[in-house]
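Chemist: The structure follows.
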Amino acid sequence: MDNVKKKQIYDMLTKSWSIETSSKWTSENPAKGQCGVTALVVQDLYEGEIKKTKVGEVWHFYNLIDGKMFDFTETQFNGKLNYMDEKSNREEAFTDTNEKQYSILKEKITKELKLSFDS
Numbered sequence: 017m018d019n020v021k022k023k024q025i026y027d028m029l030t031k032s033w034s035i036e037t038s039s040k041w042t043s044e045n046p047a048k049g050q051c052g053v054t055a056l057v058v059q060d061l062y063e064g065e066i067k068k069t070k071v072g073e074v075w076h077f078y079n080l081i082d083g084k085m086f087d088f089t090e091t092q093f094n095g096k097l098n099y100m101d102e103k104s105n106r107e108e109a110f111t112d113t114n115e116k117q118y119s120i121l122k123e124k125i126t127k128e129l130k131l132s133f134d135s
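With our numbering as the guide, the letters of the sequence shown map in order to residues 17 to 135.
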């Protein structure tokens with residue numbers, strides 16, 4: 017995934033995140049609580065691995081695609097993260113979300129991708 021594609025995906029995600037995709041979402045911090053659901057949907061689209069790192073007392077999830085780390089929700093935190101790149105999986109990422117939130121985000125991103133290909 018190149019930087020242009022990364023920016024396109026990030027823009028689609030920020031447009032798609034809502035209170036429906038994370039109960040922690042706010043307009044001031046739209047990425048808040050979106051890490052698990054986002055890592056799952058990004059893996060659906062681009063495969064790769066789901067990684068995790070500890071932030072305070074909670075796990076933060078992100079993706080490793082073709083050997084490159086992609087954290088589309090890092091903006092929810094103040095400051096830089098100290099990534100531990102611990103191996104994770106879909107089951108662990110699902111502990112941060114639920115089936116309804118996942119289905120909503122996946123549907124929104126799928127629609128956004130279709131629109132971008134149709135234009």
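Virtual Cβ for every residue (Gly too), placed ideally from N, Cα, C.
Just the Cα atoms here: how many angstroms apart are Asp18 and Leu80?
Modeler: As a position in the sequence shown, residue 18 is number 2, starting the count at 1. As a position in the sequence shown, residue 80 is number 64, starting the count at 1. Each residue's Cα considered, the two are about 13 Å apart.
Chemist: What first and last residue would you give for the alpha helix (DSSP H) that runs through Thr54?
Modeler: On the sequence shown, position 38 is the one that residue 54 refers to. 51-62 is the span of the alpha helix (DSSP H), which, as asked, contains Thr54.
Chemist: Please classify Ser11 as buried or exposed, where buried requires at least 16 other C-beta atoms within 10 Å of its C-beta.
Modeler: The shown model of the chain, from 17 to 135, leaves out residue 11, and the question about it has no answer.
Chemist: Sorted by chain position, which residues of the same chain lie with C-beta nearer than 6 Å to Lys124's C-beta, five sequence neighbours on each side aside?
Modeler: Taking the first residue of the sequence shown as 1, we reach residue 124 at position 108. Around Lys124: Ser32.
Chemist: Buried or exposed: where does Asp87 fall if 16 or more other Cβ atoms within 10 Å of its Cβ makes it buried?
Modeler: Mapped onto the sequence shown, residue 87 falls at position 71. The residue is buried, with at least 16 neighbouring Cβ atoms inside 10 Å.
Chemist: Of the choices Val58, Glu65, Ser43, Cys51, whose alpha-carbon is the least far from that of Lys21?
Modeler: As a first step, residue 21 is located in the sequence shown; it is residue number 5 there, counting from the start. Cα-wise, what sits closest to Lys21 is Val58.
Chemist: What does the alpha-carbon distance come out to for the pair Thr91 and Lys68?
Modeler: Start at 1 with the first residue of the sequence shown, and residue 91 comes out as number 75. Start at 1 with the first residue of the sequence shown, and residue 68 comes out as number 52. Cα-Cα distance, rounded: 16 Å.
Chemist: With a threshold of 7 Å on Cβ separation, who are the neighbours of Asn45 within its own chain once the five nearest residues in sequence on each side are excluded?
Modeler: Position 29 of the sequence shown, counted from the first residue, corresponds to residue 45. Gln92.
Chemist: In this structure, how does DSSP classify Glu102 when only helix, strand and coil are distinguished?
Modeler: Within the sequence shown, numbered from 1, the residue matching residue 102 stands at position 86. Glu102: strand per DSSP, three-state reduction.
Chemist: Between Tyr62 and Asn94, what straight-line distance do the alpha-carbon atoms span, to the nearest angstrom?
Modeler: Here residue 62 corresponds to residue number 46 of the sequence shown, with the count starting at 1. Here residue 94 corresponds to residue number 78 of the sequence shown, with the count starting at 1. If I take the Cα positions, the gap works out to 27 Å.
Chemist: Name the residue from Ile66, Met85, Lys84 whose alpha carbon lies nearest to the alpha carbon of Phe77.
Modeler: The sequence position of residue 77 within the sequence shown is 61, counting from 1. Cα-wise, what sits closest to Phe77 is Ile66.
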